[in-house]
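Below is one structure; the comments refer to it alone.
Protein chains in written order, with the numbering used here: chain F, 4 to 505; chain D, 1076 to 1390.
Below, the structure is given as structure tokens:
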């Protein structure tokens, strides 16, 4: 009897679980409406809208897509904080997601088979997008000659800038136009320290970063990023070098150490949890260094609201440099588990080419979520802002399809768009553009090396570790962690790539 | 009676007993369901530890990869450091935590008056309700090198130089121990308080009549009576000796790289390493490894307890 009871119970729970999964799998090709169904999972930096508000936007988009491509779309906005893990869990659980984006994890998505090979689909249903994005950039989203993603069209080239308090610069008569490199910054910081001993001149951008990681304009991180560089290319030389043994790296660390010793930078920068915006708002800091993709004036204007009431300005202190990972950082992909790859591709194509679809996705419904000004720019309705309108994904601009087809927000200079497009085209480009490193065979080494880097890099970049003694220890610890295997692996794959692409 | 008649009678008796047990089983039903759904069904995930996971093929379709996923746990020098830290911290927590929470429980029971007992218990329990993130910031308020309380107020008054705590690895075993005790002691002492309240008062009275002082009563009566509770709780913590409290080791040191040598544990290592790789197989391997070692340790500890004092063993 007891055994029967337990058996029944087991059966019941099993059935429940199966039903649970089955329920979510619904909504494939054959739907009541007769249109192909596609689920579009995008990451939003704004509030997640309520079900009804989302439905109205969805319906407005569907009115366009039913006519144009015979597809109905389900929107699935996911908060930035857990976007990637939610998408991967959803795909594991068999939940329906047809289109999703990479957020710096393009390679992981490809190597774990999350993505659909879209090489042929792109020719058939996305030729406009293909032309728009260009062969070069698509290569950055390819592996073994197969295309797996489409990079989002946005100002990609990031230029390192110093964001500073304009009132103080004027008060001290600082000539900011003469500041053209990170080395030039030292003098400015010193002058500020002298005149305002109560202030800390330089604030960190976030934990462990005072800007040293963004001021490289000839380094290709080869699929890793500047938060955790491993083997890199420097300049036009096609030899993979150990970043941390280079004299350039040592120089930057020594500069940081100098700032640290002279009290020019926040002492706790390597461990602080304060962000640049908080520091600037507090009024105790003069500047911070970060990389942005908009012109100086626009950058300052867009950051002003976060940085408190003191007027801020921006000055470029380096050049932009494009490599594969800049291009594929945010790229759109079709899930390998999709039942409707054609429909997904058709819709993806619209997000790059149809201004109405893009603006609906970003701004929502005209009149309710935004108003269109006479000059073609967009504002929130009277008395509303990003947090009160029923739907907006405004902060996701530049991650959804084509940024250049969006309505500009009020106050943006139309010239800026031109500048941004130009930057994208003329920025210095790595000779290894299009190469991606497949780290699958080096997972063990990656885990160990990543841990070592986290242990040392922040301290060295923020000056709290002495480069004279610590860099050597750092390099030795990396060696123990299997660093050389990664360097060799990168070189081998790069050579192979070169042989195939020359 | 023949053999079959015997069997029939016996199974009828069994049937009757089962019917009698039914209400009890029904009471247990939600618990059993919870156990199955929460603890047994996810065990399927154990396969992941031995698979080269592919989203397209799913858990069962992915290729086997042997022990490849476990390699990262053992291959580097860090492996030794993180294992050592995890075990030493847990041993310290078990020993010092148990001693102190028994002490607190004894004191609380000696307070006598109900109102006072409740007040003290509530006050000691409060830190347990705070999340590690909040506690991390409280610690930060003390330890921050520019504006922190210790550097600014205490060391300053004593005429000592400020210390950058988040770069001083030697200080962290003590800091983490204090923070852990502060957060958990109230909660841990509850069980002991309850056990002490359960002791028959007449035993204490008898001891008092025999001339035992308060201290003697605690040593000769309270502690022996607490022994089963202590053993059970300690055995349970030994089972988790390979797991560390992630919040304590990640949030409180503010993820500061300079002090990894004394704050890195298996859980934080796995978290840091796999955040970038996002590899399900390797995470599953780490979890399996920790559980297995924990299981073995509990079995060993239990065997030892059974050898010494079989009444108090868990099973």
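Even glycine gets a Cβ: it sits at the ideal position worked out from N, Cα and C.
Legend entry - Cβ contact check for the segment 312 to 331 of chain F and the segment 86 to 102 of chain F: 3 or more pairs under 8 Å: no
Inset, instruction - Measure the Cβ-Cβ separation of residue 260/F and residue 466/F and say whether it is below 8 Å. - result: Counting from 1 along the first chain, the entry for residue 260/F is found at position 257. Counting from 1 along the first chain, the entry for residue 466/F is found at position 463. In this structure, residue 466/F lies closer than 8 Å to residue 260/F by Cβ.
Legend entry - Residues near residue 1317/D by beta carbon distance below 7 Å, same chain, minus five either side: Mapped onto the second chain, residue 1317/D falls at position 242. Hits under 7 Å: 1161, 1341, 1365, 1368, 1369.
Legend entry - Limits of the alpha helix (DSSP H) - the one that residue 283/F falls within: Translated into positions along the first chain, residue 283/F becomes position 280. Here the alpha helix (DSSP H) through residue 283/F covers 279 to 285.
Inset, instruction - With 8 Å as the C-beta to C-beta threshold (strictly closer), list the residues of the segment 1216 to 1233 of chain D near chain F in chain order. - result: 1219, 1220, 1221
Inset, instruction - Let me know the secondary structure DSSP gives residue 1366/D once reduced to three states. - result: For the purposes of this step, residue 1366/D is taken as residue 291 along the second chain, with counting starting at 1. Note: residue 1366/D maps to helix in three-state DSSP.
Legend entry - Against chain F: residues of the segment 1138 to 1158 of chain D by CB proximity under 7 Å: 1146, 1147, 1150, 1151, 1152, 1153
Inset, instruction - Using a cut-off of 9 Å between C-beta atoms, extract the partners of residue 117/F located in chain D. - result: Here residue 117/F is taken as the residue at index 114 of the first chain, counted from 1. Here the neighbours are 1129, 1130, 1131.
Inset, instruction - Give the interface partners of residue 1354/D over in chain F, defined as CB-CB distance under 7 Å, in chain order. - result: Against the second chain, residue 1354/D aligns to sequence position 279. Per Cβ cutoff of 7 Å: 446.
Legend entry - Neighbour list for residue 94/F in chain D, Cβ cutoff strictly below 8 Å: If you number the first chain from 1, residue 94/F lands on position 91. Those are 1130, listed as they occur along chain D.
Legend entry - Cβ pair residue 152/F, residue 336/F closer than 8 Å: Here residue 152/F corresponds to residue number 149 of the first chain, with the count starting at 1. Here residue 336/F corresponds to residue number 333 of the first chain, with the count starting at 1. Taking 8 Å as the Cβ cut-off, residue 152/F and residue 336/F qualify as a contacting pair.
Inset, instruction - Could you work out which residue in 1164/D, 1279/D, 1197/D is closest to residue 1250/D when comparing CA atoms only? - result: Stepping through the second chain from its first residue, residue 1250/D is reached at position 175. Ranking 1164/D, 1279/D, 1197/D by Cα distance to residue 1250/D puts 1164/D first.
Inset, instruction - Report yes or no: do the segment 486 to 498 of chain F and the segment 421 to 440 of chain F share at least 3 C-beta pairs separated by less than 8 Å? - result: yes
Inset, instruction - Spell out whether any CB of chain D is found under 8 Å from the CB atom of residue 212/F. - result: Start at 1 with the first residue of the first chain, and residue 212/F comes out as number 209. Not closer than 8 Å to any Cβ of chain D, the Cβ of residue 212/F fails to qualify, so no.
Legend entry - Validate contact between the segment 244 to 263 of chain F and the segment 1187 to 1203 of chain D using beta carbons, cut 8 Å, 3 pairs: no
Legend entry - Three-state secondary structure assigned by DSSP to residue 1094/D: If you number the second chain from 1, residue 1094/D lands on position 19. Reduced to three states, the DSSP call for residue 1094/D is helix.
Legend entry - Cβ-based neighbour list, residue 1371/D, same chain, cut-off 8 Å, excluding 5 preceding and 5 following: Translated into the one-based positions of the second chain, residue 1371/D becomes position 296. Cβ within range, chain order: n/a, list empty.
Legend entry - Candidates 330/F, 69/F, 183/F: closest to residue 109/F by CA position: Position 106 of the first chain, counted from the start, is the residue given in the question as residue 109/F. Of the listed residues, the one whose Cα sits closest to residue 109/F is 330/F.
Inset, instruction - With a threshold of 16 other CB atoms inside 10 Å of the CB of residue 154/F, please say whether the residue is buried or exposed. - result: Taking the first residue of the first chain as position 1, residue 154/F is located at position 151. So residue 154/F counts as buried.
Inset, instruction - Measure the C-alpha to C-alpha separation of residue 28/F and residue 1338/D and round it to an integer number of angstroms. - result: Here residue 28/F refers to the residue found at position 25 when the first chain is read from its first residue. Here residue 1338/D refers to the residue found at position 263 when the second chain is read from its first residue. Only weak support exists for where residue 28/F lies, its pLDDT of 35 falling under 50; the coordinates are left without a value.
Legend entry - Per DSSP, the bridge partner or partners of residue 46/F: Sequence index remark: in the first chain, residue 46/F carries index 43 (1-based). Note: residue 46/F sits in a beta bridge opposite 81/F.
Inset, instruction - In the DSSP assignment, find the alpha helix (DSSP H) that holds residue 1146/D and state where it starts and stops. - result: Mapped onto the second chain, residue 1146/D falls at position 71. Note, residue 1146/D: alpha helix (DSSP H), 1146 to 1149.
Inset, instruction - Would you mind sorting residue 104/F into buried or exposed? The rule is 16 or more other CB atoms within 10 Å of its CB. - result: Working through the first chain from its first residue, we reach residue 104/F at position 101. Buried.
Inset, instruction - Determine the chain F residues that contact residue 1349/D at a beta-carbon separation under 8 Å, and present them in chain order. - result: For the purposes of this step, residue 1349/D is identified with residue 274 of the second chain, where counting begins at 1. Those are 450, listed as they occur along chain F.
Legend entry - residue 140/F (DSSP reduced to helix, strand or coil): To locate residue 140/F, count along the first chain from 1; it is residue 137. It is helical.
Inset, instruction - Check whether the Cβ of residue 491/F lies closer than 8 Å to any Cβ atom in chain D. - result: Locating residue 491/F in the first chain gives position 488, where the first residue counts as 1. So no, residue 491/F is outside the interface.
Inset, instruction - Quick one: grab the DSSP three-state call for residue 1380/D. - result: Position 305 of the second chain, counted from the first residue, corresponds to residue 1380/D. Correct three-state label for residue 1380/D: helix.
Inset, instruction - Indicate the three-state DSSP secondary structure (helix, strand or coil) for residue 25/F in the structure shown. - result: Start at 1 with the first residue of the first chain, and residue 25/F comes out as number 22. Because residue 25/F carries a pLDDT of 32, less than 50, the predicted location of this residue cannot be relied on, and the following value inherits that uncertainty. Helix, per DSSP.
Inset, instruction - Give the straight-line distance between the Cα atoms of residue 26/F and residue 49/F, rounded to the nearest whole angstrom. - result: Your numbering for residue 26/F matches position 23 in the first chain. Your numbering for residue 49/F matches position 46 in the first chain. Because the pLDDT of residue 26/F is 34, which lies under 50, any placement of that residue in the model is unreliable, and the question is left without a value.
Inset, instruction - Check whether the Cβ of residue 1332/D lies closer than 8 Å to any Cβ atom in chain A. - result: No chain A is present in this structure, whose protein chains are F and D.
Inset, instruction - Would you please verify whether the beta carbon of residue 1365/D is less than 8 Å from any beta carbon of chain F? - result: Against the second chain, residue 1365/D aligns to sequence position 290. Closer than 8 Å: no.
Inset, instruction - Answer with buried or exposed for residue 98/F, where buried requires no fewer than 16 other C-beta atoms within 10 angstroms of its C-beta. - result: As a position in the first chain, residue 98/F is number 95, starting the count at 1. Label assigned to residue 98/F: buried.
Legend entry - Three-state secondary structure assigned by DSSP to residue 253/F: The residue labelled residue 253/F in the question sits at position 250 within the first chain. Here residue 253/F sits in helix by DSSP.
Legend entry - Where residue 1174/D falls, given that 16 or more other Cβ within 10 Å makes a residue buried: Translated into positions along the second chain, residue 1174/D becomes position 99. Label assigned to residue 1174/D: exposed.
Inset, instruction - Indicate whether the contact test is met: 3 or more Cβ pairs, each with one atom in the segment 1263 to 1280 of chain D and one in the segment 1297 to 1308 of chain D, closer than 8 Å. - result: yes
Legend entry - Extent of the continuous beta strand (DSSP E) to which residue 1191/D belongs: If you number the second chain from 1, residue 1191/D lands on position 116. Per DSSP, residue 1191/D belongs to no beta strand (DSSP E); it is in the alpha helix (DSSP H), 1189 to 1204.
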